[in-house]
Amino acid sequence: SVKIQLVTLILACFCCYLPLHAQEFPNLRGVILNETTGLPLSDAHVTLSPSVLQTVSDPAGHFRFYGVTAGSYSITVTHLGFLLKEQSGIIIQPGIPVDITVRLKPRIYDLPGVTVASEALPTAGLLSGGQIIGRQQLSVLSAGSVAEALQITGLATISSDGAPGGRQTVSLRGSASNQVLILVDGVPLNPASDGTADLSLISTSEIQQIEVYPQAPASLGAQAIGGAINIVTLDPGEERSALRLTLSEYGERQAALTLGRRFKSWSVLGIFEHKESQGEYRYRVVADDGLDLFTRNFGETYYRQNADYRRDYVSLKVNPPGRFVFGAKFQSMFRHNPDYLPEIELEHEAVTKDTREEISLDYNGSESKFMPDIFIKAEGYHQEAVTDYGEAYPVLYNETSIAGEAYSMNLDWQRTIQSWSDVQFGSGVRWERVWSDDIEEGEQERLHEFGYFQAQGNPLEELILPLKIGIFGGVRADLYRHEETFIHPKLGIEIGSGSQLYWKLRAEMAGAYRLPSFNSLFWKEDLQSEGNPDLKPERSNNREYSLAAGWNGVEASISYFDRDITDLIYWRLDFDNRWKPLNISSAWIYGLDYKLRVKSPWKNYSSNLTLSHQWLNAVNTSGEPNTDGKSLIYRPENSTTLAVNQNLHYCRLDLAARWVDERFTTEANTKSLSPYTLWDVGVTKTFSIKPGEGRILLGVRVTNLFDTDYRIVQNAPTSLREFWFTTAFEQN
1 SVKIQLVTLI LACFCCYLPL HAQEFPNLRG VILNETTGLP LSDAHVTLSP SVLQTVSDPA
61 GHFRFYGVTA GSYSITVTHL GFLLKEQSGI IIQPGIPVDI TVRLKPRIYD LPGVTVASEA
121 LPTAGLLSGG QIIGRQQLSV LSAGSVAEAL QITGLATISS DGAPGGRQTV SLRGSASNQV
181 LILVDGVPLN PASDGTADLS LISTSEIQQI EVYPQAPASL GAQAIGGAIN IVTLDPGEER
241 SALRLTLSEY GERQAALTLG RRFKSWSVLG IFEHKESQGE YRYRVVADDG LDLFTRNFGE
301 TYYRQNADYR RDYVSLKVNP PGRFVFGAKF QSMFRHNPDY LPEIELEHEA VTKDTREEIS
361 LDYNGSESKF MPDIFIKAEG YHQEAVTDYG EAYPVLYNET SIAGEAYSMN LDWQRTIQSW
421 SDVQFGSGVR WERVWSDDIE EGEQERLHEF GYFQAQGNPL EELILPLKIG IFGGVRADLY
481 RHEETFIHPK LGIEIGSGSQ LYWKLRAEMA GAYRLPSFNS LFWKEDLQSE GNPDLKPERS
541 NNREYSLAAG WNGVEASISY FDRDITDLIY WRLDFDNRWK PLNISSAWIY GLDYKLRVKS
601 PWKNYSSNLT LSHQWLNAVN TSGEPNTDGK SLIYRPENST TLAVNQNLHY CRLDLAARWV
661 DERFTTEANT KSLSPYTLWD VGVTKTFSIK PGEGRILLGV RVTNLFDTDY RIVQNAPTSL
721 REFWFTTAFE QN
């Protein structure tokens, strides 16, 4: 077809790009990596012998030598804090570039009380705009989930019903949760059924880093109209052991075991996690619950009972000799979620069951001259839900079952071309199928093919300029069977100067889209909702401008963002009192992000502080009566987060606070949820067994310290003050 020919042509152009520019390649090039973390190392000194040539690796860890004559050479690589590495037997032949990878082993120092943390780099490139939460920072934050970590750092906003084991979704800069693309190792987690990814499905025990892209790069940007979050998981190879046990005041129990082992030339990594709850927690009835027709119990405190759940998670990765990594995951969840509102007429019972399995194959081709990185994944899931209002309302009894499967393959190449330090291109295919008695024709499927190209670098690096200029851009083509082709570019520039005292100015623009989910298109009519097969895809034009400045561990930044959206998908009550998705002709989301980061690596008293504030205006601009010019629902105009991690002489103090403005719950802005302020505090004590033999960690954390009444979403009570106790053993 024409679409397939277009993708073939794009990929052919990508593949031809390198040979056409072969004469611009250096004779010898490579990348310097941290042997422990696998992250690139900048500012490593590389000496080529026998010659007088020397160079320094760039921020992406790449180095290059030009004009090296034919012969046999060796290189010596040094970096502060790492052991010297010599690599010999490098043969240079006329006209044939040589690529090598050098892994440096960290030098071990026994310096009690001193913590050294390296900044992780986003996998989409240094100039991609990705903001990172590394594994070490994740453990310091004491976050119980990915969503909590994102909210504490001010990178995203949580949406949840507040119950133990409940679904957790996030919003970036005023986007809806189904507009945010969530990926695990570059593969979408958002199901085709409802399009919304549940972050509670991801175990924090297997995370290497979390990457947040307010503007999705071309390599990750399928259906990322509201940004993208990429979860990078641990790889086998490192000897590690970790056991973490957590118990809450209301009986929620969590246990996680991480084991990494080497058996000769084989490496294995296993993650085992179990969570359960008796479902009891305190909440207080507030006016936001809208119960004035049924009860006058405002201000009274109740125990929500029997909202129990159980979740089991198992992950296994095996790295045999060679470049392959085999992976398998399984998880199951049972959740009992009865009605919680006291003395109302429509009390009901609800049960949800969810099982998921996946297998994957990962091939690392980065050390090869022509082979790409290859990732293949097969996954399946089955969800069941039952809602029962009892014998008095048999017509309201509802039972749904939905199952799905997905198969995907990604091919990714990464190259360095002179001053373009990071050139990435690739292609892939993903096929999804969903079947259920509640969707039209019993099943639906979607085939997605894509290709992308993106480049980052400094084309003016050969010139002696007082400024550092980085240019980044890319283009992505997405093809769907029976759908149109989506082609979206991204272009930006970053200008900065200085090292210890520095500033940088950044501007970027990109296009994005999102397809309607299967449920919104094909859901059969029932008493509560029905699908709309006439829905159109959402589209947006996104822009961002930011300025940052820093000195000696202190950085302040301000960012302006805006997003023009057309055909925004919205669920509304129709004339038959059923929820139905419709397209709003246009909406405009814009705002300002302010951030202050402070890092002070003083011995025994190191501290990290992050303060962020977001001013947001999300407006319906459709011209419809009663809603035009009104705020989109659940978008607070102002929100502020504070996270402080202070190392004291004998322990670590963690403090997190959130201030959230009112959020409208109706399109006409006639009702809203009240503003709230939350404080969480934790204290952690670490005991070192022996240098290199591990450590024991004891911690206590108090969530909702001041017993605040608040609601994240309407009619879903959240817990009052709760104590959490954690003990852990870690060795690596």
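Residues in the sequence shown are numbered from 1 upward in steps of one, following our numbering.
Ideal Cβ placement from N, Cα and C applies to all residues, glycine included.
Note that the structure is a prediction, hence the values are computed from the model and not measured.
What whole-angstrom Cβ distance do G428 and F453 have, given they're in contact under 8 Å?
In the sequence shown, counting from the first residue as 1, residue 428 sits at position 428. In the sequence shown, counting from the first residue as 1, residue 453 sits at position 453. Not a contact, Cβ separation roughly 13 Å.
Contact check, A192 vs G404 under 8 Å by CB: the rounded distance?
Indexing the sequence shown from 1 puts residue 192 at position 192. Indexing the sequence shown from 1 puts residue 404 at position 404. Indeed, because the Cβ distance is near 7 Å, the residues count as touching under 8 Å.
Within the region 509 to 580, note down every full beta strand (DSSP E) run reaching 3 residues or more, in order along the chain.
DSSP runs (the beta strand (DSSP E)) wholly in the region 509 to 580: 538 to 551 and 554 to 573.
Comparing alpha-carbon positions, which option in R167, G380, D709 and N638 lies nearest F334?
If you number the sequence shown from 1, residue 334 lands on position 334. Ranking R167, G380, D709 and N638 by CA distance to the CA of F334 puts R167 first.
Would you decide whether A70 is buried or exposed? Buried here means 16 or more other CB atoms lie within 10 Å of its CB.
Here residue 70 refers to the residue found at position 70 of the sequence shown. It counts as exposed.
For V285, which three-state DSSP category applies?
The residue labelled residue 285 in the question sits at position 285 within the sequence shown. DSSP places V285 in coil when its eight states are reduced to three.
Check this for me: beta carbons of L411 and R430, under 9 Å apart or not?
Taking the sequence shown and counting its residues from 1, the one referred to as residue 411 is at position 411. Taking the sequence shown and counting its residues from 1, the one referred to as residue 430 is at position 430. No.
Kindly indicate the opening and closing residues of the alpha helix (DSSP H) around V146.
Within the sequence shown, residue 146 is the residue found at index 146, counting from 1. Residues V146 to I152.
What ranges does the beta strand (DSSP E) occupy inside the region 217 to 283, keeping only unbroken runs of at least 3 residues that lie completely in it?
Secondary structure within the region 217 to 283: the beta strand (DSSP E) runs of 3 or more consecutive residues, fully enclosed, are 228 to 233, 240 to 248, 253 to 263 and 266 to 277 (chain order).
Report buried or exposed for V146, applying the criterion of at least 16 other Cβ atoms within 10 angstroms of its Cβ.
Position 146 of the sequence shown, counted from the start, is the residue given in the question as residue 146. By the neighbour-count rule (16 or more Cβ atoms within 10 Å), V146 is buried.
Rounded to the nearest angstrom, what separates E24 and E441 at their Cα positions?
Looking up residue 24 in the sequence shown gives position 24. Looking up residue 441 in the sequence shown gives position 441. Annotation note: pLDDT 42 at E24 (below 50); position unreliable, no value reported.
Bridge partners for G327 per DSSP, in chain order?
Translated into the one-based positions of the sequence shown, residue 327 becomes position 327. Beta-bridge partners assigned by DSSP to G327: K317 and S360.
Label N552 either buried or exposed according to how many other C-beta atoms from any shown protein chain fall within 10 Å of its C-beta, with 16 as the threshold for buried.
The count along the sequence shown starts at 1 and reaches residue 552 at position 552. Exposed, since its Cβ has fewer than 16 Cβ neighbours within 10 Å.
Measure the alpha-carbon distance for S267 versus Q208 and round it to whole angstroms.
Stepping through the sequence shown from its first residue, residue 267 is reached at position 267. Stepping through the sequence shown from its first residue, residue 208 is reached at position 208. Their Cα atoms are separated by approximately 17 Å.
Within the chosen definition, does the region 677 to 685 reach the region 171 to 186 through at least 3 CB pairs nearer than 8 Å?
no
Only counting runs of 4 or more residues, tell me where the alpha helix (DSSP H) segments fall wholly within the region 436 to 471, in order along the chain.
Those alpha helix (DSSP H) runs which fall completely within the region 436 to 471 and span 4+ residues do not exist here.
Please state the DSSP three-state secondary structure of Q168.
Residue numbering aside, residue 168 sits at position 168 when the sequence shown is read from its first letter. Three-state result, Q168: strand.
D680 lies in the beta strand (DSSP E); which residues open and close that run?
One-based indexing of the sequence shown puts residue 680 at position 680. Start and end: Y676 to S688.
According to DSSP, which residues form a beta bridge with D412?
As a first step, residue 412 is located in the sequence shown; it is residue number 412 there, counting from the start. DSSP lists D373 and G426 as partners of D412.
According to DSSP, simplified to helix, strand and coil, what is P394?
Indexing the sequence shown from 1 puts residue 394 at position 394. The answer is helix: DSSP assigns P394 an H, G or I state.
Give a yes or no on whether the C-beta atoms belonging to G174 and I589 are separated by under 9 Å.
In the sequence shown, the residue the question calls residue 174 occupies position 174. In the sequence shown, the residue the question calls residue 589 occupies position 589. Cβ distance < 9 Å, so G174 and I589 count as in contact.
Given this structure, state the Cα-to-Cα distance separating E399 from V386, to the nearest angstrom.
Position 399 of the sequence shown, counted from the first residue, corresponds to residue 399. Position 386 of the sequence shown, counted from the first residue, corresponds to residue 386. C-alpha separation (whole angstroms): 4 Å.
Can you name, in chain order, every residue of its own chain whose Cβ lies under 7 Å from the Cβ of G61, other than the five neighbours on each side?
Within the sequence shown, the letter at position 61 stands for residue 61. Contacts found: V31, I32, L33, P40, L41 and S42.
Measuring alpha carbon to alpha carbon, tell me which of G550, E530, L678 and T621 ends up nearest N577.
For the purposes of this step, residue 577 is identified with residue 577 of the sequence shown, where counting begins at 1. Looking at the Cα atoms, E530 is the closest of the given residues.
Taking the alpha-carbon positions, what's the F82 to Q137 distance?
Taking the first residue of the sequence shown as 1, we reach residue 82 at position 82. Taking the first residue of the sequence shown as 1, we reach residue 137 at position 137. Cα to Cα, F82 sits roughly 21 Å from Q137.
Distance, Cα to Cα, T485 vs E357?
Counted from its first residue, the sequence shown places residue 485 at position 485. Counted from its first residue, the sequence shown places residue 357 at position 357. Rounded to whole angstroms, T485 to E357 spans 31 Å at the Cα level.
Report the rounded CA-to-CA distance for R597 versus P214, giving the unit in angstroms.
Position 597 of the sequence shown, counting from 1, holds the residue named residue 597. Position 214 of the sequence shown, counting from 1, holds the residue named residue 214. Rounded to the nearest whole angstrom, the C-alpha separation of R597 and P214 is 18 Å.
Name the DSSP bridge partner or partners of A350?
If you number the sequence shown from 1, residue 350 lands on position 350. Per DSSP, T387.
In chain order, what residues of the same chain have a beta carbon less than 7 Å from the beta carbon of I91, not counting five sequence neighbours either side?
Sequence index remark: in the sequence shown, residue 91 carries index 91 (1-based). Answer for I91: S72, listed in chain order.
With 16 other CB atoms within 10 Å as the buried threshold, where does H649 fall?
What you label residue 649 is simply residue 649 of the sequence shown in a count that begins at 1. Burial call: exposed.
Near K329, what residues of its chain come up, given a Cβ to Cβ distance below 6 Å and the 5 sequence neighbours on each side ignored?
As a working note, residue 329 is residue 329 in the sequence shown. Answer for K329: S315 and E358, listed in chain order.
For the region 697 to 708 against the region 658 to 667, are there 3 or more C-beta pairs whose distance is under 8 Å?
no
Can you check whether the CB of E86 is closer than 9 Å to the CB of T101?
To locate residue 101, count along the sequence shown from 1; it is residue 101. To locate residue 86, count along the sequence shown from 1; it is residue 86. Their beta carbons are not under 9 Å apart, which means T101 does not touch E86 by this criterion.
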